[in-house]
Each structure stands twice: as C-alpha cells, then as structure tokens.
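Residue numbers (the numbering used here): 54 to 251.
Input: a single structure, listed below in structure tokens.
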C-alpha cells in the first residue's frame, strides 16, 4: 500500500506533525525493529494522539513506509546533480549503497530484520524504489549523451541496475565471510560498469 498524502500537506503545522511522527517511527525501528512500530507507540513517542496519526496514515505499516521513503529521499539529496558519464554514475551508485548501508534505520533492518527489509523493499515496487529509479533513469539518460553508457531504454536499464544493487546490499551480510569489503565493492563496481558499458 502506498502511503497517503494528508490533506494538510502544504500546511507548515501539518508538516511539523508528520515529521514528529516519522521521527518517532525512526526511533522505534532503530530500537525495536518494524514490529515495534504500532500506532499506540507512535502516539506515545511523538506525544500526539492516535487520531492525529490516522489523519495522516492508514496504519502503522503505512507510517513505516513513509519513514523509509523519507530516509531514501535524504540519501538522494546528497546527489543533487545527475551523473554525466558512466564513471560518475558508477561512483554515485557505489556511494549510494555505502550511504544506504550506513543509514541507522536501514542498517537495523539489514542486520536484524532482513525479512522486513525484503517485505518493504523487494516484494513490490514502492515509493522508495520509484524515487531511486527516477534518479537512476535521469543519470543513465544524461550519461548516454556522451556515449559512455550504451544505448537502450534508460528506465529498463535503471530497473536492472536497481535489482543488482538491491541484491548486493541485501546479500552483503550473508557473504561477508566469503568476500571482504574491498573485494565486494570492486565486484559490485564491475557488475554495474558492465551493465552500462557500450
């Protein structure tokens, strides 16, 4: 289920209320995991009423999805300008995966609740994935202009690039005893570069 947009989204007070609730969700996920995020706990931690939460989201799961989307959006804020060449694009994707894995909430999910990470990020294409896909598509399209990225439909290439990066990030902990960090980064870089190379 996609997160609802509240009627008062343009209202500064409404935005502040949403931020309090999302901050509460972040804290709960870091401390207890996604199973610890309930409307009652969100209300208690944000010092807001349950009806206030329900005015913005349909349930706790909806809040979790919005919290995860906000964190992805903040990571992407570190990339204000699309890459203009294949080397820049590969660098950006590797930097994104590093930042994603270092994010306190996503790191908690990857380390302690991989099934929750899978449910929220892999079982269907949600808002977070669409945001990442838009970023990748724009960068691929820009990098195609200097002929350093092969011809093809940028959206299709972005989807495959997302699949490669997501799989690598999700499986990182599983293969940590088989491949060290430097080698993991090197091989992921080679896989991404190979996908994009003319």
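Cβ coordinates follow ideal geometry from the N, Cα and C atoms, glycine included.
Less than 7 Å separating the beta-carbons of residue i and residue j?
i           : j           : result
residue 214 : residue 189 : yes
residue 74  : residue 158 : no
residue 120 : residue 79  : yes
residue 92  : residue 103 : yes
residue 87  : residue 169 : yes
Could you pull out every residue in the same chain whose Cβ sits closer than 6 Å to the Cβ of residue i, ignoring the five residues on either side in sequence?
i           : result
residue 194 : 207
residue 38  : Outside the shown range of the chain (54 to 251) lies residue 38, about which nothing can therefore be said.
residue 181 : 121, 122 and 125
residue 107 : none
Suppose you measure from the CA of residue i to the CA of residue j; what does that come to, to the nearest Å?
i           : j           : result
residue 76  : residue 99  : 8 Å
residue 143 : residue 150 : 11 Å
residue 115 : residue 147 : 29 Å
residue 227 : residue 221 : 10 Å
residue 191 : residue 127 : 18 Å
residue 135 : residue 197 : 12 Å
residue 201 : residue 187 : 20 Å
residue 235 : residue 247 : 18 Å
residue 212 : residue 179 : 13 Å
residue 241 : residue 231 : 14 Å
Since residue i and residue j should fall inside the 8 Å C-beta cutoff, what is the C-beta to C-beta distance between them, to a whole number of angstroms?
i           : j           : result
residue 250 : residue 139 : 7 Å
residue 173 : residue 123 : Not quite, the Cβ-Cβ distance comes to about 13 Å (not below 8 Å), so this is no contact.
residue 113 : residue 95  : 7 Å
residue 129 : residue 184 : 7 Å
Beta-carbon within less than 8 Å of residue i's beta-carbon, same chain only, minus the 5 sequence neighbours each way: which residues are those?
i           : result
residue 225 : 154, 163 and 237
Counting only the same chain and skipping the five closest in sequence on each side, list residues whose C-beta sits under 7 Å from that of residue i.
i           : result
residue 245 : 143, 146, 214 and 217
residue 137 : 195, 196 and 199
residue 152 : 128 and 131
residue 203 : 249, 250 and 251
Please specify which runs of the alpha helix (DSSP H), each continuous and at least 4 residues long, are wholly inside the region 58-139, giving them in chain order.
65-85, 92-99, 103-109 and 113-129
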